[in-house]
Every structure is written in C-alpha cells, then in structure tokens.
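Student: Below is a structure I'd like to ask you about.
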Amino acid sequence: MPEVQVVTEEDMELEGDFDDVYCDWCDGNGTSGSDSENDDDLTSLSDNIANWAVSFGISIVALTALLSILHATHPDLPKDGRTLLKTKTHYAIQEKAGGNYHHFGILSSLKTTISKYAKTLAEGMTLGLQINIDGLPLFKSSTVQLWPILGLLVTVPMKEPVVIGAYCGPKKPSSATEFLSDFVNELQELEAGFCFGDKNLKIELHTVVCDAPARAFVKKTKAHNAYHGCDKCLHPGQYQNRRMTFPGPEHPQRTDISFNLMVDELHHHEGPHPFKNVKVGMISQFPLDYMHQVCLGVVRKLLLTWLRGPLTVRLPALIVDRMSGKLQAMRPYVPIEFARRPRSLRELDRWKATEFRQFLLYTGPVMLAGFLDRNMYYNFMLLSTAISMLVSPEHLNLADYAGQMLKSFVNHFGELYGTDQIVYNVHCLVHLADEVKRHGCLDSFSAFPYENHLGKIKKLIRKPEFPLAQLIRRLSEVTATKLVDDADITLKREHFVGPIVVGMGVNAQYGEMRCERWTVKLTTGDNMFLVGDKVCLIKNIIQNDNGVYAIYTEFSQQSPFYTYPFNSDRMNIFVVKDASDELKSVEVSALRQKCVALPYRDGFVAIPLLH
Numbered sequence: 072m073p074e075v076q077v078v079t080e081e082d083m084e085l086e087g088d089f090d091d092v093y094c095d096w097c098d099g100n101g102t103s104g105s106d107s108e109n110d111d112d113l114t115s116l117s118d119n120i121a122n123w124a125v126s127f128g129i130s131i132v133a134l135t136a137l138l139s140i141l142h143a144t145h146p147d148l149p150k151d152g153r154t155l156l157k158t159k160t161h162y163a164i165q166e167k168a169g170g171n172y173h174h175f176g177i178l179s180s181l182k183t184t185i186s187k188y189a190k191t192l193a194e195g196m197t198l199g200l201q202i203n204i205d206g207l208p209l210f211k212s213s214t215v216q217l218w219p220i221l222g223l224l225v226t227v228p229m230k231e232p233v234v235i236g237a238y239c240g241p242k243k244p245s246s247a248t249e250f251l252s253d254f255v256n257e258l259q260e261l262e263a264g265f266c267f268g269d270k271n272l273k274i275e276l277h278t279v280v281c282d283a284p285a286r287a288f289v290k291k292t293k294a295h296n297a298y299h300g301c302d303k304c305l306h307p308g309q310y311q312n313r314r315m316t317f318p319g320p321e322h323p324q325r326t327d328i329s330f331n332l333m334v335d336e337l338h339h340h341e342g343p344h345p346f347k348n349v350k351v352g353m354i355s356q357f358p359l360d361y362m363h364q365v366c367l368g369v370v371r372k373l374l375l376t377w378l379r380g381p382l383t384v385r386l387p388a389l390i391v392d393r394m395s396g397k398l399q400a401m402r403p404y405v406p407i408e409f410a411r412r413p414r415s416l417r418e419l420d421r422w423k424a425t426e427f428r429q430f431l432l433y434t435g436p437v438m439l440a441g442f443l444d445r446n447m448y449y450n451f452m453l454l455s456t457a458i459s460m461l462v463s464p465e466h467l468n469l470a471d472y473a474g475q476m477l478k479s480f481v482n483h484f485g486e487l488y489g490t491d492q493i494v495y496n497v498h499c500l501v502h503l504a505d506e507v508k509r510h511g512c513l514d515s516f517s518a519f520p521y522e523n524h525l526g527k528i529k530k531l532i533r534k535p536e537f538p539l540a541q542l543i544r545r546l547s548e549v550t551a552t553k554l555v556d557d558a559d560i561t562l563k564r565e566h567f568v569g570p571i572v573v574g575m576g577v578n579a580q581y582g583e584m585r586c587e588r589w590t591v592k593l594t595t596g597d598n599m600f601l602v603g604d605k606v607c608l609i610k611n612i613i614q615n616d617n618g619v620y621a622i623y624t625e626f627s628q629q630s631p632f633y634t635y636p637f638n639s640d641r642m643n644i645f646v647v648k649d650a651s652d653e654l655k656s657v658e659v660s661a662l663r664q665k666c667v668a669l670p671y672r673d674g675f676v677a678i679p680l681l682h
C-alpha cells in the first residue's frame, strides 16, 4: 500500500517569511478573529476582501498585513488571512507512481455544480463526466511536473473544470494504473449510484480528452509516432524521411470490442489499461482533441512549411513580411471574445493554440487569398471550411460532407507537400468527422477549457517548495470564497447621442451590452451581427419598457466570399459593402450570431463567430 502522509500547518513553510509576521499579528494558538455573529456590513466586507484576494492571487502574507491594518477600524475582522479564506490545513498526500498524489474526489469536486442544478435533475439520472489528463511543467529551472485530473459535467451547463486529483513529481507518473487507481475506484462507486439530497443519481465517464502522448499513456498503447500508432484505425504506418507517416488508403477501424479483446496486442497494446473496471469505450470515448491535433498540429505544420519548408513550397521573405503586415492590420477588427489579436508570422514559434484557431477559421482565409498559390490556397480552404463545419453546433448535419473534405485535404496535402508529410496529426483528420457525429461539435470535447484552467492552476503555485500542498490550500480557498456570478445581461456606457428609430420609446441608451454568449459594442470589431440572414451594423443599444433593443443598419451589397469548395453563403460568410442609412430595431435576443468582420478590398468579410 502507498504511504499516506498527513500534512498539517507545521509540516511546511508558509509563503514568504510568514512566521515572523504571524507571531506579531495572530494569537499564540495560530487562529484569530472573533467567532461572534457578524453584522451584514462586516460580512459583506469580509466576503469582498476574500473575493479580491482570491481573484488577484494575493499572498497570505500580504492579506494578513492588510487585515492587520483594517483591524484598527474593523476589530471583528479576522487577523489571519487563512482564517478569512478558510484555508484547508489538514489533508492527506499519498506517495504513488514515483511522486506525490492527492485525491480531491469526484463527488466532492462536483458537489457545488450538482447542487446548483439539483432541482432540474430527474430521479435516477445519469450525469456524464468528461475528464482531461495532461502534464504541466511548473518551473523552468526544474523537472517538477503536475499531472492534474480535471473534470467537467457535460449533462448540465458547467463553465469551469474542477480538479479531481493531482499528481506531482520529477517526471510523469511511472504507472498509469497506479496514478488513476483512486479515480477509477470512486468512479466505480458512482456508477452504481449515490444519494444526493432526496434523489438517487449516477455518474458515468462520458469522454476522456487528452493530447496524443497522454492518451497513449493512460490507454497503455504505442505512442502516436510508432508503427501501428494510430488509435483509431489499423494503419501500420510507414517510416519515411526520418519520421513515421500514415499515407495511403483507408484501413479498418479499431472498435471498443477489439480494443478490450486486445486483438492487436502484438503491435498496438503495451499492457492492460487502467479503466478495465469502469464503463468506458476505449476507442469511442477517447476522442481526438482538435486543439492539439488540428490547431497545434496541422495548422502549425502548414505555416512552418510555407515559412521554412522545401524551396518548392516555401514563400519568399518579402511575401511573408507582407502577409504579417496584413495580419497585424486586422488587429483593430478582432472582437473582444478573442484572447489574442493577430501578430506577425515572424513570431510563429510563440503562437498559442487560440492564435492558430483564429488563423484557421477567420484571418487565414481572408489574408491568404492574395498571397498563396491557387492549389495551396484551395488545399487550405478544404481544411478551414471542414473544421468550420465541425466546430459549429449549427452545422452538425454537414459532418459527413466535412469528413469528405478532410479526406480530400489529406490526399491533396500529400500531392502538394509529399507523402512523407502525412504524419499522425494530418492522418487523423480522416477520423475527425466520426468523432463529431459521436460526441457533437468539436468544442464539446476539445482541450481548450482545460488548457485555460491549467494556466490558472499554475498561477496558484507560488514557490518551488511543496507545490502539491500549495495547490490543495489555494483550491480550498477558491472553493470557500463566494464568487459573484455574472448577470444574464449587463448594460454599460450609458450615453445620450443616439441614433434611435423615429417613434420608438427610449428610457436609456448604452454603448455596450454583455451577455453569456457575446459582447455587443458600438465600436469596430464588436458591432457586426447576423440578424436573420443579413449582416448588420449595430448603431445603438436602447432600453425601454418592452426590453432591450439593438438599433442597426443593413448593407446594400452582400455576396459570398468564396465559391470553393462550396459557396460561402452556406456558412453565412459574406463580403459586405456600403452600409445603408435606414435604421431598424430588433430585440437583442433576436441577434442570431456575432460576426468577425475583417477588411477585404473595399468592404468587409463577415464570418460568424463559430467557436
């Protein structure tokens, strides 16, 4: 049995030089503050300070110093930051798989979300759990890695993943079975059913989202760059030009049954997998992740080929600089929903996955039209339009068509760039449409929300000593803090300058509206929307007795942007010109889709926000 280490306050050094400060500001027993009932104002102040500290990552030392200052005028506030944040100080850390592991628990981590939707859950309902497993290097100067098990419920709306378990060690876990044992054991119990309030519920594994190396690790199969490395089909692979490739015709598909029977044991499997005692399809429920496979894989490979590939397909430096200039000229037109704005191709090595997605779906098709060879551009458009279909919930009925385009892309890609370039990521495009038909649009099983959460987790660890203990403490503070939910609709930037529709009642006018789906502004980049089948320019946001309305104008010219591989109006992508002067109004709930409007010739290309 692995050794269980119970960690208490005395077992680890606190952040900063806390002990000296702690003695001056806290009681001798290490606790502080009054246990009496606080009045409403004090409770609000305590909650606001705690919310502020957690939101901005304030250290315990700094928070305690602030509380010491406030204590003179607010004597009922706690003296110790740990008391205010309800920091967890007793927890068990196990030694397993070559490092340390703490199991937060599936049900414990999801309890808040389940409670929120408890009234809407039917008796005996089964909740689908999606998990993500990936490694995270913590420091540049050491090999210490964190391997969290993150989870999301797909049955109910859930914005942020939760941490179910976390491993920390000098390298990745030595055994996937040992690493996942606590998770698998608890999942078995939850599959059998559990009582939550007055209802009996179940939790079953829905999907496991990983990049290719992590997927091979947890499934105990050959790596993606090995012979027989494709985890979706029986392609044997060919070693060409110092890399493993997967060219040629389609091969038979792997199935859950064949995987469990280890039919391809000699070539594909490396041992029994950790999930053998739970209900999970080892092929069907381990989908390909398009963030790593498409964005960081195929799109990045294409760009590197154009910039640094063979001379037959490499673009001249002057053209690359002009392309970069055009990308950077698009920066003011990118909506607020994008975390990053376009930057130079000379910084390609620093691009993040969101930037490759932005290039694939939005900026690339517009910018490349004037620079790429026709065959290369058409090849790129096969990929761009197919992924646009698969990422959009509105176009799931076109999954088969998108699959055909992706197969054409792979074949054409081999002809243009050589069959030795059809590596694992390129080959797996032929399987992507099947994943969408099985699980829904690409964003419903992508690693984007998990990668974003990994970044937040990394910020919780402030120094190299006891990283896992720090993570446990910081997450306990986040859980205990009463974070305020955003309102359904928030109106900002009130003004009085119009325009308004003649005869329409107006109580107030605003320059910005935020809702769960998007942000509407009157400024460039955030003022282009689809109303019905028309691309419209938002001119004002007004509120009256009947609700909130958008004042807009339509464009006098609206035509398809591209005709290959199909007319772009099928995806509601248009070139628009000449906004009319006629003002119209529509309830904000009738705004169909926000558009990315990028300059093109003497107009704009309007592309609905797909992801």
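For the sequence shown, the residue numbers in my numbering are 72 to 682. A virtual CB, placed ideally from N, CA and C, is assigned to each residue, including glycine. From a predicted model like this one, the values you see are computed outputs, not experimental measurements.
#1: If you scan the region 534–569 from start to end, which runs of the beta strand (DSSP E) of 3 or more residues do you find wholly inside it?
#2: At what residues does the beta strand (DSSP E) containing residue 585 begin and finish?
#3: How would you label residue 375, buried or exposed, when you count the other beta carbons within 10 angstroms and need 16 or more for buried?
#4: Ordered along the chain, which non-local residues of its own chain (more than five positions away) have a Cβ less than 8 Å from that of residue 194?
#5: Which first and last residues belong to the alpha helix (DSSP H) in which residue 330 is found?
#6: Within 8 Å: the Cβ of residue 519 and any heavy atom of the ligand NAP?
#7: Determine, using beta-carbon pairs with one atom in the region 491–506 and one in the region 313–323, whether at least three such pairs fall under 8 Å.
#8: Suppose the cutoff is 7 Å on Cβ atoms and the five residues either side in sequence are ignored; what does the same chain contact list for residue 539 look like?
#9: With DSSP run on the structure shown, which of helix, strand or coil describes residue 227?
#10: I'd like to confirm the pairing. Which residues does DSSP put opposite residue 667 in its beta bridges?
#11: Can the beta-carbon of residue 219 be found less than 9 Å from the beta-carbon of residue 525?
#12: Considering only C-alpha positions, which residue in the set 249, 559, 182 and 508 is nearest to residue 169?
#13: In the DSSP assignment, the beta strand (DSSP E) including residue 267 goes from what residue to what residue?
#14: What would DSSP say about residue 93, mapped onto helix, strand or coil?
#15: Would residue 366 be called buried (16 or more neighbouring beta carbons within 10 Å of its own) or exposed?
#16: Alpha carbons only, please: which of 334, 583, 117 and 308 is nearest the one belonging to residue 593?
#17: If we require 4 or more residues per run, which alpha helix (DSSP H) segments fall completely within the region 341–398?
#18: Evaluate the contact criterion for the region 343–358 versus the region 276–292: three or more CB pairs, one atom per stretch, below 8 Å.
#19: For residue 327 and residue 359, what's the separation of their Cα atoms in angstroms?
#20: Buried or exposed: which applies to residue 347, given that a residue is buried once 16 or more other Cβ atoms fall within 10 Å of its Cβ?
#21: Could you tell me which whole beta strand (DSSP E) segments of length 3 or greater appear in the region 588–650?
#22: Considering only their Cβ atoms, is the gap separating residue 201 from residue 225 smaller than 9 Å?
#23: To the nearest angstrom, how far is it from the Cα of residue 454 to the Cα of residue 637?
#24: Which class does residue 233 belong to by DSSP, given the choice of helix, strand or coil?
#25: Does the beta-carbon distance from residue 657 to residue 635 come in below 9 Å?
#26: Using a Cβ-Cβ cut-off of 6 Å (strictly less than) and excluding sequence neighbours within five positions of residue 424, which residues of its own chain qualify?
#27: Of all the options 516, 438, 471 and 510, which has the alpha carbon lying nearest to the alpha carbon of residue 675?
#28: Have a look at 154, 302, 373 and 456 and flag the residue whose alpha-carbon is nearest the alpha-carbon of residue 117.
#29: Spatial neighbours of residue 680 within its chain, please: C-beta separation below 8 Å, excluding the five flanking residues on both sides.
#30: Mapping DSSP to helix, strand and coil, what is residue 199?
#31: State the beta-bridge partners of residue 170 as determined by DSSP.
#32: Check the DSSP bridge columns for residue 658 and list the partner residues they point to.
#33: Distance check for residue 232 and residue 530, CA to CA, integer angstroms please.
#34: Leaving aside the five residues before and after residue 196 along the sequence, list all residues of the same chain whose C-beta is less than 8 Å from its C-beta, in chain order.
#35: As a quick exercise: from 499, 446 and 520, pick the residue whose alpha carbon is nearest that of residue 486.
#36: Just the Cα atoms here: how many angstroms apart are residue 410 and residue 402?
Tutor: Looking at the coordinates:
#1: Listed in chain order, the complete beta strand (DSSP E) runs (minimum 3 residues) inside the region 534–569 are 560–566.
#2: Counted as a single uninterrupted DSSP element, the beta strand (DSSP E) harbouring residue 585 occupies residues 579–586.
#3: Exposed is the call here.
#4: Cβ within range, chain order: 270 and 271.
#5: 327–331 is the extent of the alpha helix (DSSP H) around residue 330.
#6: The ligand NAP is absent from the structure shown, which contains no ligand whatsoever.
#7: Contact holds: three or more Cβ-Cβ distances are below 8 Å.
#8: Cβ within range, chain order: 164, 171, 173, 237 and 239.
#9: Residue 227: coil per DSSP, three-state reduction.
#10: DSSP output for residue 667 lists 678 as bridge partner(s).
#11: Cβ distance < 9 Å, so residue 219 and residue 525 count as in contact.
#12: Nearest C-alpha to residue 169 among 249, 559, 182 and 508: 249.
#13: 265–267 is the span of the beta strand (DSSP E), which, as asked, contains residue 267.
#14: Low local confidence applies: a pLDDT of 34 at residue 93 is under 50, so the model's placement there is unreliable, and no value is given.
#15: The residue is buried, with at least 16 neighbouring Cβ atoms inside 10 Å.
#16: Answer by Cα proximity: 583.
#17: Listed in chain order, the alpha helix (DSSP H) elements of length 4 or more contained wholly in the region 341–398 are 371–379.
#18: In short, these stretches touch, since the Cβ pair count reaches three.
#19: The straight-line gap from Cα to Cα measures roughly 15 Å.
#20: When all chains shown are included, residue 347 counts as exposed.
#21: Those beta strand (DSSP E) runs which fall completely within the region 588–650 and span 3+ residues are 590–592, 599–602, 605–615, 618–631 and 645–650.
#22: Going by C-beta atoms, residue 225 is nearer than 9 Å to residue 201.
#23: Residue 454 and residue 637 have their C-alpha atoms some 13 Å from each other.
#24: Residue state for residue 233 is assigned as strand, using DSSP reduced to three classes.
#25: No. Outside cutoff.
#26: So the list reads 362, 366 and 367, once near-sequence residues are dropped.
#27: Relative to the Cα of residue 675, the nearest Cα in the group 516, 438, 471 and 510 belongs to 438.
#28: Checked all of 154, 302, 373 and 456; the closest Cα to residue 117 is 154.
#29: Excluding sequence neighbours, residue 680 sits near 406, 408, 589, 664, 665, 666 and 667.
#30: It is a strand residue.
#31: In DSSP, residue 170 forms a bridge with 167.
#32: According to DSSP, residue 658 bridges with 620.
#33: C-alpha separation (whole angstroms): 16 Å.
#34: In chain order, 226, 270, 272 and 273 place their CB closer than 8 Å to the CB of residue 196, counting only its own chain and leaving out the 5 sequence neighbours on each side.
#35: Distance from the Cα of residue 486 is smallest, within the candidate group 499, 446 and 520, for 446.
#36: Taking C-alpha positions only, residue 410 is separated from residue 402 by approximately 12 Å.
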